Structures are given as structure tokens and as C-alpha cells.
Amino acid sequence: MKAMAVRPLLLFFFFAQVRLSFSGELSSMESIPDLQESMYMVVDGYPCVRLLNLSGKIGCSNPGREKVVASIRRFRNANDLTQLTAVLVSLDELQDLLHRHFGLIGFSPTQKFPQAEFAPYPSINYEWNSMGSGIMLKAYDFPVFLLSESSTSMLQEVADKNEKVMNGYTTSVAEFDLVMQTTKAGTHDSESCLKEQTCLPLGGYSVWSSLPPINMSLSYQSKPIILLVASMDSASFFRDKSLGADSPISGLLSLLAAVDALSRVDGWNDLNKQLVFLVLTGEAWGYLGSRRFLHELDMQSDGVSGLNSSLIEMVSSAVNDALDALKRAQDSLKSENIEVLSSNSSNPGIPPSSLMAFLKKNSLTSGIVLEDFDTAFTNKFYHSHLDDMANINSSAVVAAASLIARSLYILASDNNDMHSSVLGAINVNTSLVEELMGCLLSCKPGLSCEMVKNYIAPANVCPSHYVGVVIGEPSFKPYLGYVDDVSRFVWNFLADRTSTPKENASSSCSKDCTNEDEVCIRAEINGKGVCVISTTRYVPAYSTRLMFESGIWNVLPPNSSDSMGSVDPVWTESNWNTIGLRVYTIQNGAYDHFILIGGITVTILAYFMIALARSLITKALKRD
Amino acid sequence: MTVAAGIGYALIALGPSLSLFVAVISKKPFLILTVLSSTLLWLISLIVLSGIWRAFLPLKSTTWWPFALLIISSVGFQEGLRVLFWKVYKRLEDTLDAFADRVGKPRLFLTDKMQIALAGGLGHGVAHAVFFCLSLLTPAFGPATFYVDRCPQMPFFLISAIIALAFVTIHTFSMVIAFNGYAEGNTTDQYFVPVVHLVAGMVVKSASA
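In order, the protein sequences belong to chains A and B.
Numbering follows the working numbering, in which position 267 of the first sequence is assigned residue number 778; successive positions increment by one, without gaps.
Numbering follows the working numbering, in which position 104 of the second sequence is assigned residue number 173; successive positions increment by one, without gaps.
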């Protein structure tokens, strides 16, 4: 159908809601800059940017070095287009289109089996994400923006006015500035763009924390480790609107709430096993967090000292123990209507999750994936900008967190006769979950909420869970300005909750603490930094195929010992100068020339009239 | 609207003054000086007026009379300045005539006097056009155009260029008529000029307010 055709070139806008009436106001102008501002309306929207991998590119970009200027039409009126047009498409219209062509309800722009190449089993055609259309993974040589609500109504008015006023010499146009450096430089895959430095690799900083804190002075760490893993990054067609409420932030919220509940339990040092909480980023783009974490564990790097990969449970009975623990936890929570079930045996294996990376590394790893679905995703908006707070239920998160907290305690204590009162004391704080939802999944209050501001000075108010790019050299003690807000918040939160109270008074700090066992939390808040005893570290998350050397990123050749590295697409994001969208009215070229000719005519006519008048006056005076 | 349209607007506002300058004024250096000094005088009058009115601006009033007061006071001040200009010119005329007598050259003709008045008026007109139209034209050289809701048929810049052209004409010929009126003592002519100036000012202000 014409809408998806390349010629004539179509430029899509998407908007989420259709109904808002906009009352215009005549602003009084007092200066030339005011005039300039009222002539050019800046539209606020979320762009879709150019990403590249080893074999090509995806996403959107301006086709050249220039801004794209096109007149605005609504999708339903855009039937026969002969010239460059900016098309205003509503979400309903887009979903209708997808339904008629792909038979999809709901909107997930990614594949039907996300990241199938990392699956530890061969059935890569299984449809975990039945709503997946895959449109996010195609390349588009035109700009696409998602409009906010206010911009939507403004642009609808403009498009309607364009329809009405078909006088042929003025029209309202949209000017798209989505010029990507990789398009300008002609580098169309990761390797060439990294070499030319026109792009940066995707990545961020994962956080791990242990409960109880590891005593670094002990040369031999012997307690077996139970690892609780959650992911904190999502993806979407529009870079800055990746909330990922159901996938994966609901998991992150459960982890944070479980840590909070477990932090109120005493006697961790007496238990037989050690808990380690790991919050990974970059999982949506090739399991960057988990692969890099496993790599660093093998390398025994500083950032993961205290963790010995052999201590992560490989015992074959571990899975059964875990299932028993979950059952016992479910029983202890009987009053709250929570149920744990094994997944359907028709499933080919575990669903797409970080455990896939662990299993591919070592197929003997014992692990369990806790999900809210059985045979396929129930999230209709997986990796979509629509996966927002309305898509999740806080009581489900609380239930999952309670289950996890109690099961972990049961597993760690490894003790069959445990008083139910001990378990009964492990309770998840419901208001904490709701507060975290408001902080991490909405713009009001967003990252300026009390809880977040207690720990960090956030750079943005509206949270976005896109992994972002790696700025500078990745390190275990990164410059905090290069670490994104959510990672810093999670680090501080986990460090605070897993810390053991100190006997002496806590010393204030602004960066690092003198004692190796201590970390400085709340360092960004002026005067509130304190040193606490905790083992909480950042681990960079970036592809195992990349190495940062003397200021440039190099793509390493595939290594036989790194099976995941050979299927890694090595995602990078193009650099750009500015991204913007503005709308203004233009005049036809003919009209401009008409005005110029008019001006010249007036001048020449005036000259002749003056010459004529002068000769008449001279004649009249001579007569006198 | 691109460079072409920008130049077009500038020419509409100031083209005729340019033609007048080239055809009449540039032939006599004295007239060039007259144009410059009357431009300067007009700008000074604007500065003084804005200095006086600064305390009361911006007028955020919905009633019409503060605006009317503004226009009446401005026009009155400028007309008063015109009378002053006339007086200075009279003295200058006497000086020039005395000088002409001394060196045996002819005295100022009527055409010369009218040309001086024309130059004076042109100075005022050019100052008005530059100040009120040309200064707005910078955005006109960009890609966008601008239509005001109150007049959706023509771009804003075209309207301001045409109004500037009208004012150039008014100022130029007002000076000639006024000087003629003062010289011959013709009261009709003397009152005609301020009235036209006032009416034009009121019309433009009421249209844009």
C-alpha cells in the first residue's frame, strides 16, 4: 500500500492520542526574536535514530546532509502524493495498517523471537513475541518522529489548514533535522563507523551488590553464591521513549523491593550461602551486560573481585532446591493468592532472558527464569513506546517480590526446619513499590521524586530505559557523569540496602572511601555523602567483541572460545549534531519572485515619474 | 521567504526613495547634507519621545485612549519639530542669500527651496522606513513567511513594506507642503500636514492594535 512505499518519499509522524482541542493565542511581539519565534514553531517529539550493526543499519535518518522540508498532510488525505510530504499518522491508523498486513493486534516493533541467535536451543522459529512486526529492525531513509500530546493537536490543526487553504502559494511545512553522521560519512556498518569515529557502541553500566557485604580481607571466599538477576534496559522504535514497564522494569522493581525486604532480616553472615543481586543493562541489544559480566568474571577483574564464577551454583540439584524453595515461599504467602507454576512442556526452553547468556557460556549453569507468562509473551507492547505504567500492576510486582524474597531466604539458609515466623517477617513494602513505579515509569514525579533525589542528582526528569552509548573508556570506577541516572540510582539503592551498620560514626565522603570494604553513597548530594560497609560495584556493559584502545573502539575478530561473540551484531549508534523538528509556513517560489519584480518595478516607475515631474516643472518655470 | 523576497520587500519600502535620491538629491551636495541632517533630527525626536514615554510603557491597556494619547503626543512633538526645522531653515536661507549677494551669484530660486524641503521630507521618510520596516526584515530572508490573523491575505512583511512606502510619501511631500505653507502664510497648508500625519498614524495604530 502507498503508505509504506518509498516513492513518493513519505515521512511519518506517530502520535499516541487524537483528542485534544487546542486554543490558539495571539502572543504580542515585542522584538525581532519574538517575531522569529512566532514564525518558526518548534515541535517537541521523540526521534527514531540510526543504529548500525556489523551487517548494516536500522532505524531512521535524513537521506543526506540537508534538513528535509516537506508539507504536512494527514494520513487519511495522503492518497496520491506527487512530492515530498510529511505524513501525520495516528497510532490507530498505524495499528490498523499492521493488522491488515501482518495480522497483528497490539504493537511490538521487534522480532517474533527477540535475539534468537543467543538461544541455547535450536528452535529459533518459536514465536515468543507473537505481536512482533520487526519494523524496528529495518532501515528507513527518512525521518520519523513520535509526537507528544500537545504537538499532536498543533500539527493536526496545521495539517487541516493545509487541506483547506489550497491556494497554491502558501503551505505549512515541517523541517526535519535528523542528519546522522554515519549517513554523511558514508559508513554503513559498525566496523567502518567505529573506525571513522562517526558512531559509538551501545552500552552502559550494570550494578552488582552482595548481601551480606563481602569481606575483602579474606583471601578465600568460600560461600556458594545465589545470583538474582534483573535487567534495567528496554528498547523501542523511538530512542527516548523506551520505558519498558512490563519488560523488564517490573522485574527490576521486584528485585529492588525484594532487596529492601531482605535487608530488614538479620543474621546473613550465619547463613550458608551468599546472595548477589545483579542488575544488568544492555540486555536488549545482544545481552551486553550479562556477556561482559561473565567475561570479567573469567578475567577475575577488580570490579568483580570477591565473586568466583565457580561458586555460582552449578549443582544439578540446585534447580530442584530452588523450585522447592519457591513452593515453600508460596505456601507461606498463602493468604495472598499467589501461585507458582512450572512452564508448559511444549516450550522449547527458557524464554529470551539473561539466563540464555549464562547457559550459552556454561550449559551446566542452574537457573530459573521467573516470568508472568507461560507459552508466549502476554505483553502486547514488548519493546514498544507504549509499554508504560498502565501496562503493569503494582500488586503483581509486590507478589513477585515477596515470593522472591522468601525463596531466596529459604535457599540461602539451606535449612529445612525453619520457623514460619522467620519467613512471615519477610514482607515487601507496597508503598515502596508504588513510589518506585512513579519514579521509574512516569514523568510526574519521574526522577525528581523523593526517593531518587535522596540518592542522586538526576540529569533528566523523565526516565528512559534505553541503554545509551558508552562514553569515554569503560571502567569499573567510571566517571559518574557518564553513567546514566537509573544505574546510579540502583547502585546507591542497593549499596544502602545491603550495607551493614557501622559501629563507629559514619564518615562523610564525596567520592571514595579510604577503607576498601566501604563505598560512598549519596555522593552527589552536597554534604550528604556517607561511607557505608557494602560491596556494590559498577560493571561496564558492552560487547565482548569490542575493545577500547587509545581513544578508538576496535572490533575484535570472532573468537572460538566466545560463541556468543560470533553471533553478536555489535550494535552502535550514529553520532549526530542536532536533532529537531520545526514547522513554519512557506511561500511558493513564484510568489517570492513576484515580490522581487514588484519591488524593482516600483523603484523604476518612481524614477520615471520623478524624471517626468522634473521635466514638467522645468518647462513650467521656463514658461514663467 | 528567501533572499529574493527579502530584497523585494526592501525595494518596495525604499525603492522610490532611492530613485528620488538618485534623480534629484545626488546632483547637489547640499541636498545630501539636508537629507542626512533631517534623518538625524527625526531619529533624535524619536529617542526623546521614547525617553518620555518609557515610564508608561508597555501599555497593557484594553481601552483605546492611552494609545490615542501616545499617537497624538508623538505626532504633536514631530510637528513642533517641523516648525523648528522651518525656523532653522529660514535663518539658513537668509545666510545663503547674503552669501550669494556677496559673491554676485543668483539667490535661491523657488525650485531650490522646494528641493531643500523635499530633501528634508525625504530624510524623515527614509528614517521612518528604515526604523519601522527594514529592521523587521531580517526574518524575511529566511525560509519562512508570516501571516497575521487580522490580515490573512498578505504576508506581514508585505503589509509593513507598503505602509512604510506610504509613510515615505507622506513625509516627503508633507515637508514641501508645510514649508510652502509657512512661507506664504497659507493656514490651510499649514494645518493640512499635521492632520494628515495624525490620521495616518491613528489608522496604522488602530489596524495593528
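C-beta: ideal position from N, C-alpha, C; glycine also.
As the structure is a computational prediction, the values presented were derived from the model and not from experiment.
- Counting along the chain, the unbroken beta strand (DSSP E) around G570 (chain A) starts and ends at G567 to C571.
- Listed as beta-bridge partners of R1048 (chain A) by DSSP are A:W719.
- Counting only runs that start and end inside the stretch 684-758 of chain A, the alpha helix (DSSP H) elements of at least 4 residues fall at 692-696 and 701-707.
- Considered as a whole, the stretch 768-811 of chain A harbours 785-791 as its complete beta strand (DSSP E) runs of no fewer than 3 residues, in chain order.
- Here DSSP, grouped into helix, strand and coil, assigns C1042 (chain A) to strand.
- In chain order, M70, T71, A73, A74 and G77 make up the part of chain B whose C-beta sits under 8 Å from the C-beta of D1103 (chain A).
- Here R1134 (chain A) is not near A92 (chain B), since their CB atoms are 8 Å or more apart.
- For Q667 (chain A), no beta strand (DSSP E) segment is defined; the enclosing uninterrupted segment is the alpha helix (DSSP H) at E660 to K675.
- Judged by DSSP secondary structure, V908 (chain A) falls outside any beta strand (DSSP E) and instead within the alpha helix (DSSP H) spanning S905 to S924.
- At a cut-off of 8 Å between beta carbons, G192 (chain B) makes no contact with chain A.
- Between W1082 (chain A) and L705 (chain A) the beta-carbon gap is near 11 Å, outside 8 Å, which marks them as no contact.
- The C-beta of R1125 (chain A) comes closer than 8 Å to at least one C-beta of chain B.
- Residue pairing from DSSP leaves I1090 (chain A) without any beta-bridge partner.
- Residues of chain B with a Cβ closer than 9 Å to the Cβ of M665 (chain A) do not exist, since the nearest Cβ in that chain sits about 16 Å away.
- Look at A196 (chain B): its C-beta is not under 8 Å from any C-beta on chain A.
- With a threshold of 8 Å between beta carbons, V1113 (chain A) makes contact with chain B.
- The DSSP assignment places complete beta strand (DSSP E) segments of no fewer than 3 residues inside the stretch 987-1033 of chain A at 1029-1032, in order along the chain.
- Per DSSP, the continuous alpha helix (DSSP H) segment holding R1134 (chain A) begins and ends at G1100 to R1134.
- Going by DSSP, F1059 (chain A) is part of the beta strand (DSSP E) stretching over L1057 to E1060.
- Cβ neighbours of V104 (chain B) within its own chain (closer than 8 Å, five residues either side excluded): F90, I94, A188, G189, L191, G192 and V195.
- Annotated as proximal: L844 (chain A) and S913 (chain A), with beta-carbon spacing under 8 Å.
- Residues of the same chain with their beta carbon placed closer than 6 Å to that of T889 (chain A) are lacking, with the five preceding and five following residues left out of the count.
- Secondary structure at Y78 (chain B): helix, using DSSP grouped into helix, strand and coil.
- L187 (chain B) is not bridged by DSSP to any residue.
- Distance from Y977 (chain A) to L773 (chain A) at the Cβ level is roughly 30 Å; contact not present, criterion being Cβ atoms closer than 8 Å.
- Note: G556 (chain A) is bridge-paired with A:L658 in the DSSP secondary-structure output.
- Listed in chain order, the non-local C-beta contacts of T681 (chain A) below 6 Å within the same chain comprise T1096 and Q1098, local neighbours out to five positions each way being set aside.
- If the five residues before and after V553 (chain A) are omitted, its C-beta is found closer than 6 Å to the C-beta atoms of R1093, all from its own chain and listed in chain order.
- The beta carbon of A74 (chain B) lies closer than 7 Å to those of A209 in the same chain, with the five residues before and after it left out.
- Shown here, S931 (chain A) sits in a helix according to DSSP, grouped into three states.
- The C-beta distance from A198 (chain B) to A233 (chain B) rounds to 4 Å, short enough to meet the 8 Å contact threshold.
- Taking a beta-carbon distance threshold of 8 Å, G84 (chain B) counts as an interface residue toward chain A.
- Here the alpha carbon of L602 (chain A) sits roughly 30 Å from the alpha carbon of S959 (chain A).
- When secondary structure is reduced to three states using DSSP, T214 (chain B) falls in the strand class.
- Listed along chain B, the residues sitting closer than 7 Å to M550 (chain A) by beta-carbon distance are P208, A213 and F215.
- Taking C-alpha positions only, R917 (chain A) is separated from S874 (chain A) by approximately 27 Å.
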